[in-house]
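Chemist: Here you go, one structure.
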Amino acid sequence: MRHGSLFSGIGGFDLAAERMGWSNEFHCEIKPFCLKVLKAHFPNTITYEDITTTNFSEWRNKIDIITGGVPCQPFSKAGKMQGKEDKRYLWDDYIRTIREIQPRWFVAENVSGLLTTDGGNAYEEIMLQLEAENYETLTLGMPSCAIGAYHIRERIWIIGRAKMDFNPDTTGRKLGEIPDKSQKKGTQHRLELPGDAFRLHWYETISRIHRDLNGLSRKLDGRRNAALGNAIVPQLALEIFKAIQYIDNM
Numbered sequence: 552m553r554h555g556s557l558f559s560g561i562g563g564f565d566l567a568a569e570r571m572g573w574s575n576e577f578h579c580e581i582k583p584f585c586l587k588v589l590k591a592h593f594p595n596t597i598t599y600e601d602i603t604t605t606n607f608s609e610w611r612n613k614i615d616i617i618t619g620g621v622p623c624q625p626f627s628k629a630g631k632m633q634g635k636e637d638k639r640y641l642w643d644d645y646i647r648t649i650r651e652i653q654p655r656w657f658v659a660e661n662v663s664g665l666l667t668t669d670g671g672n673a674y675e676e677i678m679l680q681l682e683a684e685n686y687e688t689l690t691l692g693m694p695s696c697a698i699g700a701y702h703i704r705e706r707i708w709i710i711g712r713a714k715m716d717f718n719p720d721t722t723g724r725k726l727g728e729i730p731d732k733s734q735k736k737g738t739q740h741r742l743e744l745p746g747d748a749f750r751l752h753w754y755e756t757i758s759r760i761h762r763d764l765n766g767l768s769r770k771l772d773g774r775r776n777a778a779l780g781n782a783i784v785p786q787l788a789l790e791i792f793k794a795i796q797y798i799d800n801m
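All residue numbers for the sequence shown refer to the numbering used here, where the first residue is 552 and numbers rise by one.
Structure (C-alpha cells):
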C-alpha cells in the first residue's frame with residue numbers, strides 16, 4: 552500500500568503505516584518542529600509544508616490511502632467551536648487533496664466536537680462533500696483507552712473507500728455494515744480490535760500538568776509537549792489499517 556499523510560504532525564499515521572509494511576510516499580506539515588521530527592524518522596519521504604498552496608495532482612491514482620488529523624481547533628470543546636468561521640478550518644483543503652489524488656482509501660481523525668458543532672450541520676456538510684467525491688464513508692468513535700492507554704482521549708475517525716473500487720457482497724451491504732450471524736465468515740466489513748480493546752480505563756489524565764502519569768518528563772519543553780498533545784495514537788491507526796488491509800485482501 553502506498554500512503555500519503557496530511558497534517559502529519561510528528562508522524563503518527565506514518566508510523567502506523569510503516570508498521571504495516573506500507574510505503575510512506577509523502578507527508579505534509581507546516582510546523583517547523585514537527586517537520587524536524589518527520590525528516591529525522593522518515594528521511595526518504597517527500598515533504599510538503601503548506602497544504603493550502605500545494606497541488607497534489609502529480610500523485611493522482613498513485614496513492615492507495617491518504618490520512619490526516621485535520622486541525623481540530625474549529626471543533627474543540629476547549630475552544631469556541633466556530634466551525635467554518637474559524638480561520639484554522641482546513642477541511643476544504645483536505646477534501647480538495649482527496650479530489651486531486653483520488654486514493655482508494657482515506658482516513659481522517661478529529662475531536663468528538665466535530666459531531667456537535669453548529670448542531671451537527673458542520674459534520675453533515677463535511678460528509679456530504681466527501682461522499683460527493685465518490686466515496687463510501689464510515690465514522691467511528693474510538694478513544695485511546697480502547698487500545699489500553701491510560702487516558703480516554705475521545706477521537707472521531709472517518710474512513711472512506713472509493714465507490715468505483717467497492718464490490719458489495721450478495722446481500723447488498725455497504726462498507727461498515729455488520730452482517731447477520733447467518734452470513735458466511737469472511738464477509739464482514741468491520742474493524743477488528745484486540746480482544747481486550749474494550750476493557751477500558753475510564754479516567755482522564757491531564758498530560759500538561761501530570762505528565763508523569765503518561766510517562767512524560769516534567770522537563771519536557773513546550774514544543775514537544777504540544778506536538779504530543781496534537782498527535783494521534785499510532786496504535787489506533789494501526790487497528791484501522793489492519794481492517795483496511797483485511798478488506799483489500801478479501
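For each residue, glycine too, the CB sits at the ideal point set by N, CA and C.
1. For M693, which of E660, W610, W642, T668 has the nearest alpha-carbon?
2. Spatial neighbours of K582 within its chain, please: C-beta separation below 6 Å, excluding the five flanking residues on both sides.
3. Which stretch, first to last residue, makes up the beta strand (DSSP E) that contains E600?
4. Nearest by alpha-carbon distance to P625: which of T596, Y686, I646, L666 is it?
5. So, using beta-carbon positions, are M552 and I616 closer together than 8 Å?
6. May I ask you to check if the CB of I649 is nearer than 7 Å to at least one heavy atom of the ligand SAM?
7. Please classify N575 as buried or exposed, where buried requires at least 16 neighbouring CB atoms within 10 angstroms.
8. Is the beta carbon of Y674 closer than 8 Å to that of R712?
9. Count the other C-beta atoms from every protein chain shown that fall within 10 angstroms of the C-beta of R655, then say buried if there are 16 or more, exposed otherwise.
10. Compare the beta carbon distance of L589 and E600 with 8 Å and say whether it is the shorter of the two.
Modeler: Taking the coordinates as given:
1. Looking at E660, W610, W642, T668, the one whose alpha-carbon comes closest to that of M693 is E660.
2. Counting only Cβ-Cβ distances below 6 Å, and skipping sequence neighbours, we find nothing.
3. No beta strand (DSSP E) contains E600, which DSSP labels as neither H nor E.
4. Comparing Cα-Cα distances from P625 to each of T596, Y686, I646, L666, the minimum goes to L666.
5. The answer is yes: Cβ separation under 8 Å.
6. This structure does not include the ligand SAM; it has no bound ligands of any sort.
7. Buried, because 16 or more other Cβ atoms sit within 10 Å of the Cβ of N575.
8. Taking 8 Å as the Cβ cut-off, R712 and Y674 do not qualify as a contacting pair.
9. Looking at its Cβ environment, which holds 16 or more other Cβ atoms inside 10 Å, R655 is buried.
10. Contact flag unset, no.
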